Each structure stands twice: as C-alpha cells, then as structure tokens.
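Quick note, the sequence shown lines up with residues 1 to 199 if you use the UniProt record's numbering.
Every residue, glycine too, gets a C-beta built ideally from N, C-alpha and C.
As the structure is a prediction and not an experimental result, all values here were calculated from the model.
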Amino acid sequence: MSEDRLPPGQYVPRDWSAVYYGPVPRFRPQRWDLRVYGATESLGEYRWSWPDFDRLPRVDSVCDFHCVTRFTIPNVRWSGVRASSLVELAPPAPEVTHVMVWAEYGYSANMRMLDFLAEGVLLATHRGGERITPEHGYPVRLVVPHLYGWKSVKWVRAIEYLTADRRGFWEERGYHNVADPWREQRYAYQEEPGQGPPL
Ligand SMILES: Nc1nc2c(c(=O)[nH]1)N[C@H]1C(S)=C(S)[C@@H](COP(=O)(O)O)O[C@H]1N2
Ligand SMILES: [Mo]
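Given below as structure tokens:
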C-alpha cells in the first residue's frame, strides 16, 4: 500500500481483530427494529423491522478503515444500504445539522449530517460478500470510511436527527468530535472553535 494512502500516524497490521467496548449483543430478529427519530420533517418516527430492512436495496463500497488506535485496514468491501437512501426515506426537518447513531447497549456516535450523507457511508450488512460477523456488528453496522472507526457504529438500532450537536459515547470521553483521520483529529483537546459542543 502506497504511503500517501495512509493517514498520518496509521499502520497496516497483519490481521483484523474486532474492536469494541462491552459484550457482543445477541440478534433477536423478532425484537429487532431500526428507528429514525428526532427532528424528522413529519415529526413522526420511522421504523423498519428486520425483514423490511433486509429488503432495502444494497450497494457495494470498497474503502480503507482507520481506527484511532492507529491501525488501518485497506480495501474492505462492504455492502449495505446507503445512509443517504435511508435519509431520503425518512426526511429530516430543515433545521437538522447532525445525527446521533445509536447501537445496542447505548453506544452512540454523533456526526455532521454532511458526513452521514457522504459517498460511501453505508448501513452495512455484508463484508467481503458475507454477512457481517457478530463481533463486527451483525446484523447492521454503520460504515463511515472517511472518519475514525469509532464513528462506524456496530449493532445499529437507531438514527436520531439533531438540530444542535451533542457528543456521543467516545466524544464525551475525550475523543474528537469530528474525527477526520487525514487531519489527525484524535482527541477533543485538538478541537477548534466550531468543531463541537464543549466536553
Ligand atoms: N456498538 C459499537 N460500535 C463500535 C464500537 C463499539 O465499541 N461499540 N467500537 C468502534 C471502534 S473504536 C472501531 S475501530 C470499530 C471497529 O470495527 P471492527 O471491529 O469491525 O474492526 O467499531 C466501532 N464501532
Ligand atoms: Mo477504534
């Protein structure tokens, strides 16, 4: 892999073990749903059951995956529902500026709506042509390839539309609100005015 493809301070490890905080949730298809709520245009909530979500059209995206702990996994092939397609199905109010992506057990990550809508951002169901494994986020995980890995929320259950920014799980614990690996935005103390709400 050529050097200019690697963000500053990153390296390519020999293999890819899963990274997460807490236990791996068990998938219960009958109880599972994916919700979009908060500042929707209709003020109502959107909800997909597992069969409904699994029927949505999927696209492929190949990207490098950058964890803030400095490893980069090159050329990961994901398949899933474009985040922008979900936003089209669940229109936000015009005041929406950010989203909070919620996982099982209360893990969360916030991002600008423009990051959520970016090319290559998927609610992924497959990696390398196979269903994502439980440790990597089965049945659905977010993939935000242009931000550090903690924004790529595994075991996603909800998207909350925000009209003001709010810090997610790691953002509240000292990590950078924006998390652009090319700018090496690792920690909250590096934030500049306008890059996020105070800790
Ligand atoms: N729900 C949840 N999602 C999560 C995490 C987590 O602890 N819980 N860890 C994040 C971090 S720090 C990284 S680097 C990636 C790792 O994804 P992987 O295990 O598939 O490599 O998942 C992210 N998504
Ligand atoms: Mo990470």
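Classification of residue i by the beta-carbon crowding that lies within 10 angstroms, buried from 16 upward
i             : result
proline 145   : buried
tryptophan 48 : buried
proline 23    : exposed
leucine 199   : exposed
proline 57    : exposed
glutamine 185 : buried
leucine 142   : buried
proline 29    : exposed
tyrosine 187  : exposed
arginine 127  : buried
serine 79     : buried
arginine 82   : buried
leucine 147   : buried
glycine 137   : buried
tryptophan 16 : exposed
tyrosine 107  : buried
aspartate 52  : exposed
aspartate 4   : exposed
aspartate 115 : buried
Residue i vs residue j beta-carbon contact at 7 Å
i             : j              : result
valine 153    : alanine 90     : no
valine 96     : tyrosine 37    : no
threonine 163 : alanine 39     : yes
asparagine 75 : valine 59      : no
arginine 157  : glutamate 104  : yes
proline 13    : tryptophan 182 : no
serine 84     : leucine 117    : yes
aspartate 54  : histidine 98   : no
Presumed contact (8 Å Cβ cut-off) between residue i and residue j, rounded CB distance
i           : j              : result
glycine 168 : methionine 100 : 6 Å
valine 178  : glycine 196    : 7 Å
arginine 31 : tyrosine 46    : Incorrect: roughly 18 Å between the Cβ atoms, too far for contact.
proline 92  : glutamate 130  : Their Cβ separation, rounded to whole angstroms, is 32 Å, which puts proline 92 and glutamate 130 out of contact at 8 Å.
proline 134 : tryptophan 50  : No, proline 134 and tryptophan 50 are not in contact; Cβ-Cβ is about 15 Å, not under 8 Å.
Proximity test, Cβ basis, 7 Å: residue i and chain B
i             : result
glutamine 195 : Among the chains of the structure shown, chain B does not appear; only one protein chain is present.
Which parts of the UniProt domain "Oxidoreductase molybdopterin-binding" (22-170) are runs of the alpha helix (DSSP H), unbroken and 4 residues or longer, counting only runs that do not cross its ends?
50-54, 83-89 and 113-116
Are at least three pairs of beta-carbons, each pair with one atom in the region 172-191 and one in the region 121-132, less than 8 Å apart?
no
Report yes or no: do three or more beta-carbon pairs, one from the region 62-74 and one from the region 188-199, lie closer than 8 Å?
Short answer: they don't touch.
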